[in-house]
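Student:
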Amino acid sequence: MFNSHYDCKLDPKGRLALPAKIKAAVPEANGTTLMLRMAEDRCLALYPMVEYKKLENQIKSLNINNPEQRALQRAFFNTVVDVELDSAGRLLIPKSFQTYAGLEKDVVVAGNGTRIEIWSPENHAKHVMPDPADLSALMEKYLS
Numbered sequence: 001m002f003n004s005h006y007d008c009k010l011d012p013k014g015r016l017a018l019p020a021k022i023k024a025a026v027p028e029a030n031g032t033t034l035m036l037r038m039a040e041d042r043c044l045a046l047y048p049m050v051e052y053k054k055l056e057n058q059i060k061s062l063n064i065n066n067p068e069q070r071a072l073q074r075a076f077f078n079t080v081v082d083v084e085l086d087s088a089g090r091l092l093i094p095k096s097f098q099t100y101a102g103l104e105k106d107v108v109v110a111g112n113g114t115r116i117e118i119w120s121p122e123n124h125a126k127h128v129m130p131d132p133a134d135l136s137a138l139m140e141k142y143l144s
């Protein structure tokens, strides 16, 4: 499980070193390949293979003869790429993915349960709840 958030940096080549706690939470059996997706709210979602396969199987099970479901499949598979962790624990973020998420030198890496999110600091600030009372209210609404 992935949680917390970390201020990180992209190097000039577009590589991101995953924080040690995030890297340690990637299952050992995963190997060095992760799946990177252009996700909601202009962030990038990074998945260990086991979590990606669950999502991929749901997408593949959609009916290709249904225009809306076919469009969903196309949009999903056209916005995902496999990335490799190098020996230093870095992954190369493709330029088109950097552009989509507005990534420059400074980035935020945030755990979100079964996936890791990669944000520009400005966009991340727009999509988090700064007041714990707001979180408590939502937890009461959806978890009670």
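With my numbering as the guide, the letters of the sequence shown map in order to residues 1 to 144.
Glycine residues also receive a C-beta, built at the ideal position from the N, C-alpha and C atoms.
(1) Compute the beta-carbon to beta-carbon distance between residue 51 and residue 99, rounded to the nearest angstrom, for a pair I have assumed lies under 8 Å.
(2) Can you tell me whether residue 49 is helix, strand or coil according to DSSP?
(3) DSSP three-state call for residue 122: helix, strand or coil?
(4) Unbroken beta strand (DSSP E) runs of length 3 or more, entirely within the stretch 46-117: which are they?
(5) Between residue 130 and residue 65, what straight-line distance do the alpha-carbon atoms span, to the nearest angstrom?
(6) Kindly indicate which three-state DSSP category residue 13 falls into: helix, strand or coil?
(7) Quick one: what's got a C-beta closer than 8 Å to residue 121's C-beta in the same chain, skipping five residues either side?
(8) Between the Cα of residue 40 and those of 112, 137, 19, spot the shortest distance and give me the residue it belongs to.
(9) Quick check on residue 128: buried or exposed, where buried means 16 or more other Cβ atoms within 10 Å of its Cβ?
(10) Please state whether DSSP places residue 139 in a helix, a strand or coil.
(11) Cα separation between residue 13 and residue 92?
(12) With a threshold of 16 other CB atoms inside 10 Å of the CB of residue 47, please say whether the residue is buried or exposed.
Tutor: Taking the definition as stated:
(1) Indexing the sequence shown from 1 puts residue 51 at position 51. Indexing the sequence shown from 1 puts residue 99 at position 99. Rounded, the Cβ-Cβ distance is 25 Å, inconsistent with contact.
(2) The residue labelled residue 49 in the question sits at position 49 within the sequence shown. Looking at residue 49 - three-state DSSP - the assignment turns out to be helix.
(3) Numbered from its first residue, the sequence shown carries residue 122 at position 122. Helix at residue 122.
(4) DSSP runs (the beta strand (DSSP E)) wholly in the stretch 46-117: 80-84, 90-92, 106-112.
(5) Within the sequence shown, numbered from 1, the residue matching residue 130 stands at position 130. Within the sequence shown, numbered from 1, the residue matching residue 65 stands at position 65. Taking the straight line from one Cα to the other gives about 44 Å.
(6) The count along the sequence shown starts at 1 and reaches residue 13 at position 13. Looking at residue 13 - three-state DSSP - the assignment turns out to be coil, as it is neither helix nor strand.
(7) Position 121 of the sequence shown, counting from 1, holds the residue named residue 121. These residues qualify, in order along the chain: 7, 106, 107, 108.
(8) Against the sequence shown, residue 40 aligns to sequence position 40. Considering only alpha carbons, the answer is 112.
(9) To locate residue 128, count along the sequence shown from 1; it is residue 128. Exposed, by the Cβ-count rule.
(10) Here residue 139 corresponds to residue number 139 of the sequence shown, with the count starting at 1. Helix.
(11) Counting from one through the sequence shown, the residue named residue 13 turns up at place 13. Counting from one through the sequence shown, the residue named residue 92 turns up at place 92. About 8 Å.
(12) Numbered from its first residue, the sequence shown carries residue 47 at position 47. Buried is the call here.
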